[in-house]
Structure formats: C-alpha cells, structure tokens
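Residue numbers (my numbering): 28 to 459.
Only one structure is covered here, and it is reproduced in the block below.
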Amino acid sequence: MSGNNEDKGNTPLIIMGCILGFLSLCWYLFSVNINTAITSVAKINLEIVAALTEMGELGELLANIFAPGISSEIISTLKDKFYSTNPRFMSGKETILYLEFLGQNFRPFLILFITVSFIKVYKDQRHRSLKKKYNLDDILKVGSQYNPHLNPVICQDLVKCDPDIGPLARDKSPLILAIENNLITVFDIDHVGNNTNRILTPVFGKKNIQKGESIVIKNSYTDTLEGLPILHGRCLLNRKMAKGFFTKQLGPRYSGWKSMPLERRAFLAIATLFMKGVDSGGVAESIKLQRQINEDFSLKKVKNLNYLDESKIDEILSENEDLKPFQALVNSHSFELTLITGFMEAARKKGKLYTSHMYWIKHTDRSLWFTLENCGSQMPYCEAAAVRAHYLREENVQMGLDHPEIESAIDGLEKFLGETEGWLAKVVKEDV
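The following block contains the structure:
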C-alpha cells in the first residue's frame, strides 16, 4: 500500500520529466530546423516593421505598437544581425533573443485575440441564456428547493387554464358576481334606447333563463352588442337578494376549532404561532410549519389534504387555545371567517405574515383565500365583502355579533355599481 501511494505522489514529476526529455530530444535532433524557422519569421517581421516606419507618422505609430521603441537605426542594426546569423551555429541565448523579438510583434495580436474571444464568449452566453427553454417541471424542481411556497402556484400550467373556471379562478367583478347570483335586474329599452317600465333579469347563457322575463348576455366587457356594456345605466340592485347573498357569504358560525375544516384549522395554527412573536420563537415555528406544508404540497394530495399534518395542527391548537390572546379573539367573533380575519390581523402585528406563502388554501377553500386577501389589501374583494363588513362591526363593539352586520357591504356594492361605474339606472322606482 505504501509503495502505491509513493508512485501516485511522484506521478506529476514523472510526467514533467517525460515532457522535458521529449523537448530536449526534439531540440537535439531538429535544432537547426527550429532556428531556421525562427530566423525566417523574424526577418519577415523585421521587414514589415521597416516598411511601416517608412510610411510617415502613422506608419511609425503602428511600428511602435508591434515593436515598442523601434527606430531606423535599430532596424538597420537588427538587419545586419539577422542576415549575418547562421542557424547552424546559433547559441541558445541567440535563439531566446529572436523569440523575444517575435514576442513583441505578436503581443498586440494576442491582446486583440483575447479581447475578441471574450466578447464572443460573452455574447454566446447571453444568446444561449435567452434561447434556453424552461418547462414547469424544471421550474418546480429548482424553485421548490429555495422557495417552497411556489409549489402550490406552479404545480399546474395556469396559462393553459381558463382564468375564470376552477378553484384557482381570478376574483369575480362585482357586476359579474351580481348577475350570477341574481342581485340585479335591468330595465328594457325602447326603440330609441330609453329605459321602459319592463323589468328583465340578465343571465349568462340560455341554460340560466328563469321563469320570469330574462335577457341573455355574454360574459364579456368588450362585446358592445351582446356583452355587459349593453347593461350600462339600466340596472337595479335588489337589496333583499343582496342581503341574502351576503348573509350566506358569511359562512358557518364558530362553534369551536375542532369543528372547523382542516384548511381553516391549519391557518389558525400558523397564525397562533405567529402571534407569539419573534422573541418567543413563535414566528420561526410558524414559518417552519408553512414551509413544511408547501414542501409536502402536490396536486395529487389536494383531494384528501394529505399535505396537512392534522395531528400536528390539532396539537398546536390544543396547546394554545387557553392562552389569553386566543380566547380574546374567540370571544370577539361569532363566525369562522371573521374569527380567522381577527387572527390574521393579530398575527400581522408581530411581523409580515404573507398570504402568498399559503396559496395552497386557494386550491380547496376559496372563501378563506379571499377573506385573507382582504386583510390589508389595497383591492377589496367582493367575494369576501360580507366577512369584512361583519368583522369591522365586531371590532367596533369589541364583541361577537350573532346577527349578520352586512349593510355596509350592500351599500358598498350599490355605490360601486352606481356612482363608481354607472351600471345602475339613475332613476329607481320604489315598486320595483
């Protein structure tokens, strides 16, 4: 074993010795030929430099680039030396001097070559990076290593999905939401475009036609003949229907965290830990739980929520349900979603709790997703307007309210459809 190790240690020396031996042998056998080639190239370079010096100032400038410090006197001396040298009787020192002269001549070309090569390699790299194609599998594989919260977002190709269909659909505009839930009716118009007393119900598609008189329109803001624009200035908001819709939007009343769906319990666990703050380690534990959920997430697990560790979530809630902050929130809110809103607002007082890092919620609980998005958002979502309205009322009185406090949501919808966007008719008859 020791002999083998010694051989391995001497290998570089042996290789270097072989190379030096080979070069020495070549010099011994072909030294005359090598010297002849060197002197010939040196003579050609010297003649080129001499020709440049005879071309005026520009020529002299170029000559000094290839042979710094060259002059007519030096050229004359070098010519006498070069043309009187016999390659057969050159010493090693003379060979080195010739190589030094040639090195001066080739130096500008070497610098130019290095510069051009660098530019070419740089451009090729940029071009290659722009041409490189990525697919979702590659993005998911690389991105999930550093940002696991991307898993629920890029687990499927959203470009190929209809943006208005499925659990990941974008939020619905107030007008579309009102039409789909029969919250508005519309005045029919006469032959000159004025509103009449005839009332119609707008619906999307013939399959949605109801018993009363209906008007079928396309779900499009750009189609001015059959789309949503034909309703502008002709609509009426049915406040009674809106009240029923927003009451339903509030969701179930809170009857203990054990009866809540698993997604909502998972968020409560995340927020409960986060509410403990940085110093106690609660924020770190909350982030760790979020990371674990995102790392375990996959589309195959959505149906049964296998990416959520139910036992761990329940354990966190059991350990913290008797704490004062937890009990204070429970006593201040009557509905599950308003309670969750309270937990989100309380957690964010301790740091930045990102809804975007919990995108897995949107795959199974759309109401919960938009409720959380409404917390601190610059854009209010109509799909969670009732929750926000009731929550603000509970916060105002500092107690849970069993009766739905959703009048502000109805007023907000009416103001938006009327004053803001002008969908509602300016004259509203009381008997309608």
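Think of the CB as a built atom: it goes at the ideal place given N, C-alpha and C, for glycine as much as any other residue.
Start-to-end residues for the beta strand (DSSP E) that takes in residue i
{"i": "V243", "result": "241 to 244"}
{"i": "N224", "result": "222 to 231"}
{"i": "V213", "result": "211 to 216"}
{"i": "L263", "result": "262 to 264"}
DSSP beta-bridge partners of residue i
{"i": "I433", "result": "Its beta-bridge partners do not exist; DSSP assigns none."}
{"i": "R13", "result": "Residue 13 falls outside the range modelled here, since the chain spans only 28 to 459, and no answer is possible."}
{"i": "L50", "result": "Its beta-bridge partners do not exist; DSSP assigns none."}
{"i": "L451", "result": "C262"}
Distance between beta carbons of residue j and residue i, contact taken as under 8 Å
{"i": "E421", "j": "T365", "result": "6 Å"}
{"i": "K389", "j": "L195", "result": "6 Å"}
{"i": "L210", "j": "N265", "result": "6 Å"}
{"i": "I97", "j": "V76", "result": "6 Å"}
{"i": "T382", "j": "L356", "result": "The pair is not a contact, with the Cβ atoms about 18 Å apart (cut-off 8 Å)."}
{"i": "K377", "j": "G308", "result": "Not confirmed; about 12 Å, so no contact."}
{"i": "V68", "j": "L129", "result": "6 Å"}
{"i": "T391", "j": "L332", "result": "7 Å"}
{"i": "I206", "j": "P229", "result": "5 Å"}
{"i": "A411", "j": "F273", "result": "That belief does not hold up - the Cβ atoms of A411 and F273 are roughly 10 Å apart, past 8 Å."}
{"i": "E253", "j": "I244", "result": "6 Å"}
{"i": "W284", "j": "E348", "result": "7 Å"}
{"i": "L258", "j": "V219", "result": "Wrong, their Cβ atoms sit about 18 Å apart, outside the cutoff."}
Other residues of its chain near residue i: CB distance less than 7 Å, five sequence neighbours each side excluded
{"i": "G278", "result": "F362, E363, L364, S394"}
{"i": "E372", "result": "C402"}
{"i": "K270", "result": "I433, I437"}
{"i": "I166", "result": "I181"}
{"i": "V459", "result": "Unreliable placement is indicated for V459, whose pLDDT of 41 sits below 50; no coordinate value is reported for it."}
{"i": "Y125", "result": "I65, T66, A69"}
{"i": "G30", "result": "Any reading at G30 must be qualified, since the residue scores a pLDDT of 45, below 50, and its modelled position is unreliable; no value is offered."}
{"i": "S99", "result": "T80"}
8 Å Cβ shell around residue i - same chain, five flanking residues per side excluded
{"i": "K453", "result": "G260"}
{"i": "M28", "result": "With a pLDDT of 43 at M28, under the threshold of 50, the modelled position of that residue is not reliable, and no figure is offered here."}
{"i": "H384", "result": "H176, Q317, N321"}
Nonlocal neighbours in the same chain, by C-beta distance under 6 Å from residue i, ignoring five residues either side
{"i": "C409", "result": "P201, L204"}
{"i": "H360", "result": "L366, G369, E421, G427"}
{"i": "P352", "result": "M302"}
{"i": "A293", "result": "L335, I340"}
{"i": "E457", "result": "Note that E457 scores 48 on pLDDT, short of 50, meaning its location in the model is unreliable; the coordinates nonetheless yield the value given after this. Counting only Cβ-Cβ distances below 6 Å, and skipping sequence neighbours, we find nothing."}
{"i": "L89", "result": "L79"}
{"i": "E312", "result": "L300"}
{"i": "P256", "result": "none"}
{"i": "E240", "result": "L227"}
{"i": "E448", "result": "none"}
{"i": "N321", "result": "P175, H176, N178"}
{"i": "N221", "result": "none"}
{"i": "D323", "result": "Y334"}
{"i": "Q276", "result": "A413"}
{"i": "S51", "result": "none"}
Endpoints, the alpha helix (DSSP H) within which residue i is located
{"i": "P179", "result": "178 to 181"}
{"i": "E422", "result": "412 to 424"}
{"i": "L204", "result": "201 to 207"}
{"i": "T398", "result": "393 to 400"}
{"i": "R292", "result": "289 to 302"}
{"i": "D107", "result": "99 to 111"}
{"i": "N321", "result": "309 to 323"}
{"i": "L326", "result": "Segment: none, L326 is in no alpha helix (DSSP H) and carries neither H nor E."}
{"i": "I343", "result": "337 to 347"}
CB contact below 8 Å: residue i versus chain C
{"i": "K351", "result": "Protein chain content of the structure displayed is limited to a single chain, and chain C is not contained in it."}
With a threshold of 8 Å, are at least 3 pairs of Cβ atoms found where one atom belongs to the stretch 280 to 298 and the other to the stretch 332 to 340? yes
Three Cβ pairs or more, each shorter than 8 Å: is that satisfied between the stretch 365 to 384 and the stretch 412 to 426? Because the criterion of three Cβ pairs below 8 Å is met, the stretch 365 to 384 and the stretch 412 to 426 touch.
Three or more C-beta pairs closer than 8 Å, one from the stretch 170 to 183 and one from the stretch 234 to 251: is that the case here? no
Do the stretch 59 to 72 and the stretch 106 to 116 meet, that is, are 3 or more Cβ pairs less than 8 Å apart? yes
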